[in-house]
Amino acid sequence: MLKLKKIIYIYIPFIFLFIILILLHYYWHAPNLDDLYFAKRFNTLFILNNSNFIMYRYTSWTSRSLIEFFLVILSYLPPVIWKLLDSLLFLIIAVLTPKIILSNFERLSIKKKFTYNIISSILLLIFIWNVFHDLGSAGYISTTLNYIWPFGFAVIHFYLIKKYIFKKVNMDLFKKTCIYSMMIFSLLFAINMEIMLVVVFGVYVFIFIYLQYKKIKIPKIMLYFYGIVILGFMNSLLCPGNHERYFSELKTWFPKYSTFSLFNKIDLATTTLFYNLITKFNPISYIFFAILGIYTFIISKKKKISYVGFIPIFLLTFFYFMLFIQFKPLINLFSYGFHQCLLYIYIYIA
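Residue numbers (numbering that gives the first Met the number 0): 0 to 349.
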């Protein structure tokens, strides 16, 4: 009975978080926009010929076949099913994040676990608040399955890796089959979205480098998973639909992009990123990075390394101050690009 009370106490933040998530999803109107388009394709989902919707999309638009398979189904089913599953996935992200980041989470005191769970819940709510309008930009079901779910399944995948591969947990055949199947499915779903494909690849490379540095033998199963990631790259690069979408979107939204040099493209990407991140002051983002810095500082054993977590908030503060005093080179950088910023500095110095 006492053990049950301790578990309930630790997970109280997540109970309140789940209630908030359910209430949020109640007000998110779905299906709408792109969701309606996918809902109408349900009857063509299981046709084994060229009329199959997934085959059509793969050849004409996208390599996200696994994501769109579930997107069609959830858009067709009663919205309450997506709302429940989406709330659960958001909750899972909040629950597993401290367990992945903290190497000694299971050995922490009940009070510390409770504190970290509160911080994790707050960070998730801040994130949702920050992207609230973006989540409904193309339909809530479409947006969450294309962007939130791949991230959520990546979190699940690396949590299972940490818990069952690195800790070498003894399992019977049935449990091992279930865990490994979940690892494979979560990995496949995560890397089916291009951005998460690159992120997962980077995480695996980091893990391998770390294991080599610590002179720890790389588990063979992780090499198989890494092979799946490489196949994910091949799928994305060779998919005819991705090429079709690339040229179609450029022609529609940015026809001059093909005339840009490599420097112009890099300049455009970095300028746009900094412009949206910095010039559009968002107090919610500012609070998010501040809490993230404090969170990193608290959980890190090596304090010198922990200061890295404060870099984003320090940079934001610096840039906001420079924009406040109207520092012209910085304004030119965000408004006109890197080359114009260099030109202004050159004229200013000369």
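For each residue, glycine too, the CB sits at the ideal point set by N, CA and C.
For chain E, find out if any of its Cβ atoms is closer than 8 Å to the Cβ of residue i; answer yes or no.
i    : result
Y294 : The displayed structure is made up of one protein chain only, and chain E is not part of it.
Let me know if residue i comes out buried or exposed under the rule of 16 or more other beta-carbons within 10 Å of its beta-carbon.
i    : result
R106 : exposed
I66  : buried
Y252 : It should be noted that the sequence gives Trp, not Tyr, for residue 252. W252 comes out exposed.
P12  : buried
K112 : buried
F52  : buried
P77  : exposed
I312 : buried
M233 : exposed
M170 : exposed
Check for me: the alpha helix (DSSP H) holding residue i runs from which residue to which?
i    : result
N129 : 109-129
A93  : 78-100
F200 : 193-212
Could you have a look at residue i and say whether DSSP puts it in helix, strand or coil?
i    : result
G138 : coil
L186 : helix
W148 : helix
N42  : helix
R63  : coil
P311 : helix
M321 : helix
H28  : coil
Y285 : helix
L47  : coil
K167 : coil
Y10  : coil
K5   : helix
To the nearest angstrom, how far is the alpha carbon of residue i from that of residue j?
i    : j    : result
K250 : I155 : 38 Å
T176 : I183 : 11 Å
S108 : K161 : 20 Å
E193 : T142 : 14 Å
F17  : N263 : 45 Å
I310 : G292 : 8 Å
Let me check you understand the geometry: is the CB of residue i closer than 7 Å to at least one non-hydrogen atom of the ligand SAM?
i    : result
L159 : The model on display carries no ligand, and the ligand SAM is accordingly not part of it.
(request) Kindly provide the ranges of any alpha helix (DSSP H) runs that are 4 or more residues long and lie completely inside the region 215-273, ordered along the chain. (result) Complete alpha helix (DSSP H) runs here, min 4: 219-237, 239-252, 261-273.
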